[in-house]
Structures are given as structure tokens and as C-alpha cells.
Amino acid sequence: MNLKGKNVLVTGSEGFIGSHLTEKLVEIGAKVTALVQYNSFNSWGWIDTFDKNIKENINIVTGDVREYDSVKRIVKGQDVVFHLAALIAIPYSYLSPMAYVKTNVQGTTNVLEACREYDVEKIIHTSTSETYGTALYVPIDEKHPLQGQSPYSASKIAADKMAESYYRSFNLPIATIRPFNTYGPRQSARAVIPTIISQVLAGKREIKLGSLSPTRDFNYVKDTAEAFIKIAESDKTIGEVINAGSNSEISIGDLAHKIIRIIGEDVKIICDKERIRPEKSEVNRLWADNTKIKQLTEWTPKYSLEEGLTETVDWIKNNMEYFKTDIYNV
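If you read the sequence shown in our numbering, its first letter stands for residue 153, the second for the next number, and so on.
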């Protein structure tokens, strides 16, 4: 499928990954509708920061994936739907599990049902590597068992299974992308990489982190956005769950030291108990097997971790007003 000229909807378009994907879709010539969560401030999230030439080529609509009438109205007339809207902060899911069910499970079901009603040509549903839980073997392929180690991951597993059920029950043309740990410009301070960078750039000589031993498979956001597009374009991806990862791992402690070296400061790392997940909830190891996405789409990451971190440091340095480094953002 060639996305140029296609009517394409992005839910969660105002967020971190969604905003990068929206920009990229405009650049390749798609007719993009960006669903932004309704709010009384008329804020379009990161879309507000887009270059005027990009913004003028986006049809921006407000709504809420939790409301079926809202979703149905927006999905009508779309050829392709990228569904990214979700609650994603793991610590907050411990405080309000039901909010994650309403947005991630019910919201996803609303999108799927609307797509079924209007015969959408392709749906790309967004999963997460957190659905795997702590690796039972590495690298993690798509056959790895799913483990609900937090209310967030449990809600995403449920959403993934709803997507699978709509493919199997109604032959809905769905592909599920399972990104591993995406980072880059526009990511909020609740994530580990901007947490490290913003604290160091704020001049702190001691930075607070959670557990330092878990490993993650990090992917630069431009590579992740490209993976979404490649999966949408390939006819081979329908009915498939597909990892998007780098096929490498690094511990949080080693990552922090790498970032500190890039910035060039002398900083001490403090393990803050407030930031540590409950013992049985911590995901101790994530490392993606990306064989399947390469076979189906020929996608491969273009950015090394060093390159991506350097670009992220530069962006945060110029946008420190978005970061409250004295507050632990759950």
C-alpha cells in the first residue's frame, strides 16, 4: 500500500510518538487527520510546535477514544488508521487502574468497531514491549508469553487481544506493532532518558533514578515512526504482531553513565525508592528480536544509541521549559 494520497487518521497524534508519525505522514504525502483529545484549552499538544507548513496540511479534530460516537464520526472516510491513543505511564497505572481499562481497552474497542463499520483498509494498532514482562528468554520474539506485570501492561495485553479478535472474528485488516523502548525529542520527563538528561542539564550534581539493573532495548523515535509506516505499507503484516526494536539491550545504570559522558558532566546517581516499581511488577529485562519486521517490511533501525541520545540531549537543552526536574513525574 502506498500511503501517498490516502486518508489517514492518527489517534494520539499530539503525543510523543504520534506527533513524529503525524509529521512523517504529511511529509510522504498522506492526507492526515490528527485526533487530539478534547480539552478546554484548545491545546493540540506537540502539534502546536509544528512548522506552519506541516500544520497547514493536517486536519486536526478533537474527540475522545473513550466515546464511541466521537470515534465513529472521526473514522468515517478514512482509508488507514494508526491507533496510538493510550494511557502509558506505568507508575500512574498503580494509582488508577480503571482509567487504563477505559482508555486502553474500551478506547481500542471503539476504534476497532468504527473501523469495522466503515471498512477501513488497514489498521495499525499500537502495543508495547511491556506486554512481554520480564524476558523468559532473549532475544524476545513475538511468540514470547505475555505477562501482565502492571495494570498498564495488563490493559495493553487486553487491547492487543481485542485487536486479534477483530482480525479473527471479522477479518478486519489489522497489524499490531509492538515497539520496544522509544526515546527522543518530545518525550515526557516520566520516561528514564529525559529524566536523566533534564536533571543533568538542570545542573544537579546528584540525579535520582529508580532501579539501575533492568535492561531495555532503546529505539530512536524517528526509527519507530518509520516502523509504523513500513508496517502500514506492507500487505504481509495483516493479522501479525510485530516487534519494533534494535535487537540490543543496555542496563539503566550503563545508559545513565553513557548519557552523562555525552553531556560531559560529573554527576552521582542516586537510587530513589519512590521511583522503584513493586518487586513483582518490575520488568527486569527487555531485548527485542527484530527478525520478523525485517522479513516483512525490510525495516531496520538507522540511528545508533549514541546518535539518538546526542540528538535528544540537544533537543532537551533547547526545551528545558518543558521539564520540572524537582518533581517526580509519575
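Note that beta-carbon positions come from the ideal geometry of N, C-alpha and C, so glycine has one too.
Boundaries for N194: no alpha helix (DSSP H) harbours it, and the DSSP string shows neither H nor E there. Annotation for P249: the continuous alpha helix (DSSP H) segment containing it runs 249-252.
Around the beta carbon of P453, 16 or more other beta carbons lie within 10 angstroms, which makes this residue buried. Distance from Y455 to K374 at the Cβ level is roughly 7 Å; contact confirmed, criterion being Cβ atoms closer than 8 Å. CA-to-CA, the gap between T260 and I276 works out to about 11 Å.
Taking C-alpha positions only, I212 is separated from K183 by approximately 11 Å. Separation of the CB atoms of R330 and V393 is rounded to 6 Å, and the pair is thereby assigned contact status at 8 Å.
If only uninterrupted beta strand (DSSP E) runs of at least 3 residues are considered, those enclosed by the segment 327-392 are 333-335, 358-361, 370-372. Counting only the Cα atoms, A310 lies some 18 Å from Y244.
Bounds of any beta strand (DSSP E) do not take in N262; it lies within the alpha helix (DSSP H) bounded by 259-269. Under the DSSP assignment, F202 falls outside any alpha helix (DSSP H); it carries neither an H nor an E label. Taking every protein chain shown into account, the CB of S350 has 16 or more other CB atoms within 10 angstroms, so this residue is buried. A direct Cα-to-Cα measurement between D369 and I479 gives close to 26 Å. In chain order, I326, G391 place their CB closer than 6 Å to the CB of Y319, counting only its own chain and leaving out the 5 sequence neighbours on each side.
In the DSSP assignment, F322 falls within the unbroken alpha helix (DSSP H) covering 303-322. Annotated three-state conformation of H172 is helix, per DSSP. Distances from the alpha-carbon of N209 to those of P297, G157, I468 put G157 closest.
In this structure, DSSP gives V223 a helical state, which the three-state scheme calls helix.
In chain order, T452 place their CB closer than 7 Å to the CB of K446, counting only its own chain and leaving out the 5 sequence neighbours on each side. The criterion of a C-beta distance shorter than 8 Å is satisfied by G167 and L236. Taking a C-beta distance under 8 Å as the contact criterion, T464 and G362 do not qualify as a contact pair. It is roughly 30 Å from the alpha-carbon of L364 to the alpha-carbon of T328. With fewer than 16 other beta carbons inside 10 angstroms of its own, L288 counts as exposed. Ranked by how close their Cα comes to the Cα of S222, the residues N205, C267, Y252, A306 have C267 in first place. Here Y220 is actually not in contact with L239; their C-beta atoms are around 18 Å apart, not less than 8 Å.
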